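Residue numbers for the sequence shown follow our numbering, beginning at 56 and rising by one. Where a beta carbon is used, it is the ideal one built from N, C-alpha and C, also for glycine. On a predicted model such as this, the values are computed, not experimentally measured, just so you know. Before any comments, here is the structure.
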Amino acid sequence: MQCAYPSRPHAIELLGKKLVLWRDGGGAWRCHQDACPHRLAPLSEGRVEGGQLECSYHGWRFDGAGRCTRIPQSLDAKAEATACASGRSCVTAYPLKEYAGVIWVWGDASPGAAAEAEATPLPVPRGLQQHAEAEGPAEAPAEGSAKGAAEGPAEVSGYRRELPYSWDVLLENVTDPAHLPHSHHRLSPTLTRDKAGPMPFIKQQQPSQGGAADDSSGAAVAAEATARPLYAFEHAPPVGSFAFPSALSPNGVVAYNAPCSVVYEYALPGGACMWTLIYGTPCGPGRSIVMTAGFNNRPPAMWGDLAKTVLTNWKALRPLLMRLYFQAIPSWKGHMISNKLFDMDNVFLHQQDILLEQRGRGSWARDYYMPEQCDSLVVATRKWIDSKAGGGPDYGPAAGPIKPLSKRDLQDRWAQHTQHCVTCLAAMAAVRRRAQVAKAAATVLFAGLCAALGTFGVPRILAGGAPALVAAAAAAGAAVALWVARRAAAALDQFTHVEFTHADNH
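Okay, here's the thing in structure tokens:
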């Protein structure tokens, strides 16, 4: 469970509700309403003490179940016990599960919610389930580490970002591969406008649900589940799935698994597959969270494969080199690519979201003109939201309207990603140290150059010999150090804000 500050409480928003995530003394994550029952102070501004959540306003403490265990202002132990025994002293707790590096929060805290959450399968595609469980259980976390409890399968590394548009707009965007070569021009060598063109969508047939419905035996249900493709849930077929020609593979499939999962599956040489998994979390009007993960079912490429490939199948050399290159990319650089990808979409998706809010979320059926096959999954997703999800989440009146944001705020990488990402925070600290060392070196070398000028004088240095060599070395070193410092300073911007404008992306 990758978390930048696992020992602190974290404010989150789900379905318009303000919640707090925190980790108890046993390493398990907990989720409570983000309001102390005393006087509604946010518990996310509190502390974790003794494995319990403490409100920083008056020091009230709560256990993982939400029960109040400490009221420092009580006159004596009996008064404290009486107050803590009252149901009014409890904070609302929400059921959750930890699986594959993700905290899954059930958005209801009514009396039967825990049992309902336990009985509901997690929205995990079969491919991710197999990949995670094949990795085996995660190692037990060290005290103060970024890992969560060592239960369940190993984590799947990924990317998370808070987005300035609503959940339905996020799903609409990620079910639409046709926009990639245009909106994400030059994000990678395979994504350029000149590679855009016709994109036929072929609907994928799923195993019939009729068999399991007619035969409710466990064997029939299990057979139907295992017959589903790896991009589907084990417990339910996708709302829609379509084959399409992609930049990564001529045999791509994109599927929407309701309510929150979109999967891209790419067929690879040798019968292997690669998946990009995208989750959309509804936070509030104009606010959502995207989580992505990429994984495949083939063994990692090895440098020792180069010689064999050159001798036996040189046509496979380029794909092998690309695999080796991508395997060597640090995680934080992958996050920078993802940051740019979402920067490229954020501005117009935010504006689209505002228009949909003004016209009504269901206005898409009237106002969108989608004559091509490649919009088929967008249509299927929108129809499911309208027919099965009531047109979208009911966030309640407290969630407020969508607030128009400046372009600077829409592309704020620090607020939306970096401050929450342990990988990027560590990389940012390393880049900052590099900049500081380079600046210090430049200062020392420049001082050395000044000393050389003062010691030898300009005429002797210009005359050549040892004085000239000393001065030249100091000047060159200072120049290199300044160059490194400037590069590091520019790299720091990648973690905070980089303005992107489509008109300048030639």
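Got a sec, what are the start and stop residues for the alpha helix (DSSP H) residue i sits in?
| i | result |
| --- | --- |
| E227 | 222-229 |
| P236 | 235-238 |
| I392 | 386-414 |
| W566 | Residue 566 lies beyond the stretch modelled for the chain, which goes from 56 to 561, so this question has no answer here. |
| L366 | 360-367 |
| G307 | Counting along the chain, G307 falls outside any alpha helix (DSSP H), though it belongs to the beta strand (DSSP E) covering 307-312. |
| K462 | 462-465 |
Alpha carbon to alpha carbon, how far is residue i from residue j?
| i | j | result |
| --- | --- | --- |
| D163 | L70 | 10 Å |
| E104 | V157 | 24 Å |
| A120 | C86 | 9 Å |
| Y214 | A502 | 44 Å |
| Y154 | V535 | 47 Å |
| S129 | S165 | 30 Å |
| L347 | S144 | The sequence as given places Thr at residue 347; Leu does not occur at that position. If I take the Cα positions, the gap works out to 38 Å. |
| G266 | V317 | Model confidence at G266 stands at a pLDDT of 45, short of 50, so the residue's coordinates are unreliable; what they give is reported in the following sentence. About 26 Å. |
| H240 | A302 | 12 Å |
| I333 | N394 | 15 Å |
| E217 | A362 | 44 Å |
| G101 | S111 | 5 Å |
| D398 | M391 | 10 Å |
| L537 | V492 | 10 Å |
| F117 | G455 | 29 Å |
| T551 | P305 | 36 Å |
| M425 | R437 | 12 Å |
| S461 | Q471 | 14 Å |
| Q88 | G341 | 21 Å |
| K388 | I126 | 47 Å |
| A497 | R542 | 14 Å |
| T189 | P459 | Before going on, a small fix: residue 189 reads as Ala here, not Thr. Roughly 45 Å between the two C-alpha positions. |
| L151 | W369 | 50 Å |
| T556 | A138 | 58 Å |
What is the DSSP secondary structure of residue i, counted as helix, strand or coil?
| i | result |
| --- | --- |
| H113 | coil |
| A298 | strand |
| S442 | helix |
| T175 | coil |
| A470 | helix |
| S144 | helix |
| Q549 | helix |
| C479 | helix |
| T124 | strand |
| G162 | coil |
| G417 | helix |
| Y380 | helix |
| P180 | strand |
| A27 | Nothing about residue 27 can be reported from this structure: the residues present for the chain run from 56 to 561 only. |
| A155 | coil |
| S243 | coil |
| K258 | strand |
| E427 | coil |
| A251 | coil |
Please report the Cβ distance between residue i and residue j, rounded to the nearest whole angstrom; I am assuming they are in contact, meaning their Cβ atoms lie under 8 Å.
| i | j | result |
| --- | --- | --- |
| A298 | I257 | 4 Å |
| S99 | A66 | 4 Å |
| D408 | Y220 | 4 Å |
| P337 | W222 | 4 Å |
| P92 | V146 | 6 Å |
| R181 | L285 | 5 Å |
| R487 | L547 | 6 Å |
| L242 | L396 | 6 Å |
| T478 | S386 | 5 Å |
| L404 | V553 | Contact doesn't hold; Cβ gap of about 18 Å is too wide. |
| R248 | P262 | Contact doesn't hold; Cβ gap of about 39 Å is too wide. |
Hey, could you find the ends of the beta strand (DSSP E) residue i is sitting in?
| i | result |
| --- | --- |
| C338 | 328-339 |
| H87 | 84-88 |
| F350 | 342-351 |
| Y60 | Note, Y60: premise wrong, no beta strand (DSSP E); not H, not E. |
| G106 | Here G106 belongs to no beta strand (DSSP E), and DSSP marks it neither H nor E. |
| A99 | According to the sequence shown, residue 99 is Ser rather than Ala. Looking at the DSSP string, S99 is not in any beta strand (DSSP E), and its letter there is neither H nor E. |
| R215 | 213-218 |
| E289 | Here E289 belongs to no beta strand (DSSP E), and DSSP marks it neither H nor E. |
| S129 | Run containing S129: none; DSSP gives neither H nor E here. |
| S316 | 316-322 |
Inset, instruction - Count the CB pairs spanning the stretch 241-258 and the stretch 425-432 that are closer than 8 Å, and state whether there are at least three. - result: In short, these stretches touch, since the Cβ pair count reaches three.
Inset, instruction - Would you check if there are 3 or more beta carbon pairs closer than 8 Å linking the stretch 225-238 to the stretch 303-313? - result: Look at the beta carbons and you see the stretch 225-238 touching the stretch 303-313: at least three pairs across the two are nearer than 8 Å.
Inset, instruction - For the stretch 406-422 and the stretch 287-298, state whether three or more C-beta atom pairs, one from each stretch, are separated by less than 8 Å. - result: Contact between the stretch 406-422 and the stretch 287-298 is not established, with fewer than three Cβ pairs separated by less than 8 Å.
Inset, instruction - Indicate whether the contact test is met: 3 or more Cβ pairs, each with one atom in the stretch 72-87 and one in the stretch 352-368, closer than 8 Å. - result: Under the Cβ criterion (8 Å, minimum of three pairs), the stretch 72-87 does not count as touching the stretch 352-368.
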